[in-house]
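Read through the structure below, which is laid out as structure tokens, and then see the notes.
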Amino acid sequence: MKYKILFIIFAFLFLTSAIIWQMFYYIPQKNIAIKSEGQQKQTIELGDRVFAPILVFHHIKTPSRFLGKLANNFFIDTESFEKIIQVLLKNSYQPVFVSEMATYLKSGEKLPDNLIAITFDDGSEDFYTNAYPILAKYNVKSSVYPIVGAHTDNFLTAEQIVELDKGGLVEFGSHTWSHQYITRLKKEDQYRELKSGKDYLEKLLNKKIETLCYPFGLYDKELEQMALDMGYKIGLKYNYSFWQDQNNLMEMSRLGIMPNVDVIKLLDKMRKE
Ligand SMILES: [Zn+2]
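For the sequence shown, this note's numbering gives the first residue as 104, with consecutive numbering after it.
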């Protein structure tokens, strides 16, 4: 009888402690599991398509009256450009360098909301005189791909490139030496175009140049491999998409911004594609 009472007391204590353990230990453990599941969702799976818009601009200035309609598409006047920057910032877009965007994509981390890259092709002088003062006013980063072998009055000078690089708001990348229809060139000429464009900027800025902006957006797998072997890590196309394949940073998508385009509407539209 005595043992029976002791057994009941023991069983009671055992059950009570089991219940208490469930309440105070087991349940919090379960919460931790849910939390870490949530954290995993903050990463992106390899092979995922990622919405990471890269905008392309060429000239920020009023086009000449003598230019045809097609050429005018590459010109956005200063006032409209400032409005684009204002509206992007108002809609919480966060401008980063293309290299920073690529680092996020490579890491598999979830991209911060509304990350965007603003790029300028060819490096015409109006970037220095018209675009940069606006970008600097709003503290906005941009990536510029100058044609370094084109030494004419209308392009950025070596001094301007150095000054912009020192300012910290502009990242430079290669647009080759002289902007040829590169896929149509012989292998050795392709090599020279890629290498001279890279070497020139590396020597001028004393830093590694790892981004290649394909002239006219032309590329093929062999050119990509040649660029990779040379030390390029990012390749920029010129197509109609803001979606990136994180497994293939040698084919990052970009979309050209035409005059009179509602950039926010365009971004919203492309996000759904
Ligand atoms: Zn170009």
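Every residue gets a Cβ at the ideal spot worked out from N, C-alpha and C, and that includes glycine.
Could you tell me if the beta carbon of residue 318 falls within a distance shorter than 6 Å of some heavy atom in ligand 1? yes
Would DSSP call residue 236 helix, strand or coil? helix
Quick check: does the Cβ of residue 224 come within less than 6 Å of any heavy atom belonging to ligand 1? yes
When you compare the CB positions of residue 222 and residue 159, do they come within less than 7 Å of one another, or not? yes
Express the C-alpha separation of residue 373 and residue 304 in angstroms, rounding to a whole number. 33 Å
Have a look at the DSSP bridge pairing and note the partners of residue 314. 337
6 Å CB neighbourhood of residue 320 in its chain, flanking five on each side removed: 340 and 341
Residue 180 to residue 167 span [Cα, whole Å]: 11 Å
Using the C-alpha atoms, what's the distance from residue 218 back to residue 194? 11 Å
Give the secondary structure of residue 357 by DSSP, where H, G and I count as helix, E and B as strand, and everything else as coil. coil
Residue 196: buried (16+ other C-beta within 10 angstroms of its C-beta) or exposed? buried
Neighbour-count burial assignment, residue 345, 16 or more Cβ in a 10 Å radius: buried
Rounding to the nearest angstrom, what Cα-Cα distance links residue 151 and residue 296 in this structure? 33 Å
Quick one, are the C-beta atoms of residue 250 and residue 188 less than 7 Å apart? no
Mind checking which residues open and close the alpha helix (DSSP H) that includes residue 181? 181-193
Let's test the definition: count the other Cβ atoms within 10 Å of the Cβ of residue 361 and tell me whether it reaches 16, buried, or not, exposed. exposed
Can you name, in chain order, every residue of its own chain whose Cβ lies under 7 Å from the Cβ of residue 208, other than the five neighbours on each side? 153, 155, 347, 349 and 352
Leaving out five residues on either side along the sequence, give the residues of the same chain with a beta carbon under 6 Å from the beta carbon of residue 286. 321 and 323
Own chain partners of residue 315 with C-beta closer than 6 Å, once the 5 adjacent residues on each side are dropped: 277, 330, 335 and 338
Close-in-space but distant-in-sequence residues of the same chain around residue 368 (CB under 7 Å, 5 per side omitted): none
Could you give the first and the last residue of the continuous beta strand (DSSP E) run that contains residue 286? Looking at the DSSP string, residue 286 is not in any beta strand (DSSP E), and its letter there is neither H nor E.
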